[in-house]
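The numbers in UniProt numbering rise by one with no breaks, and the one at position 9 of the sequence shown is 9.
We put the beta carbon where it would ideally sit given N, CA and C, even for glycine.
See structure below.
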Amino acid sequence: MPTYQYHCKKCGYRFEVFQRIVDPPIKDCPKCKAKGTVEQIVSGGAGLIFKGSGFYETDYKRSPRSNRSDIGKGKAR
């Protein structure tokens with residue numbers, strides 16, 4: 001289940017909630033109990049980190065090829 005971040009526009013309270021994607025967004029603040037003051041915060045999400053070996057990105061991906069104009073001048077590869 002994704003984690004959604006919310007912010008109350010009235011009291012400034014920030015909180016996170018585990019919700020299903022199909023669940024409606026929360027509208028009421030759990031701290032100050034204000035109705036309709038909560039908005040969902042769009043976050044950047046988690047980055048993807050490859051640790052260890054066996055991944056395409058870390059082991060098998062070819063390095064970028066040099067410019068075709070360099071071929072034959074001793075600069076390629």
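> What is the rounded straight-line gap between the Cα of glycine 52 and the Cα of aspartate 59?
Replying inline: To locate residue 52, count along the sequence shown from 1; it is residue 52. To locate residue 59, count along the sequence shown from 1; it is residue 59. A straight line joining the alpha-carbon of glycine 52 with that of aspartate 59 spans about 9 Å.
>> Quick check: the Cα distance between cysteine 29 and valine 17, rounded to an integer number of angstroms?
In response: Within the sequence shown, residue 29 is the residue found at index 29, counting from 1. Within the sequence shown, residue 17 is the residue found at index 17, counting from 1. Those two C-alpha atoms are separated by around 12 Å.
> Using the C-alpha atoms, what's the distance from glutamine 19 back to proline 2?
Replying inline: The residue you call residue 2 lines up with position 2 of the sequence shown. The residue you call residue 19 lines up with position 19 of the sequence shown. CA-CA distance, proline 2 to glutamine 19, rounds to 6 Å.
> DSSP beta-bridge partners for phenylalanine 18?
Replying inline: What you label residue 18 is simply residue 18 of the sequence shown in a count that begins at 1. According to DSSP, phenylalanine 18 bridges with Thr3.
>> If I follow the unbroken beta strand (DSSP E) through isoleucine 41, where does it start and stop?
In response: On the sequence shown, position 41 is the one that residue 41 refers to. Residues 38-41.
> Between glycine 36 and the rest of its own chain, which residues show a CB-CB distance below 8 Å, the 5 nearest in sequence each way excluded?
Replying inline: As a working note, residue 36 is residue 36 in the sequence shown. Contacts found: Lys27 and Asp28.
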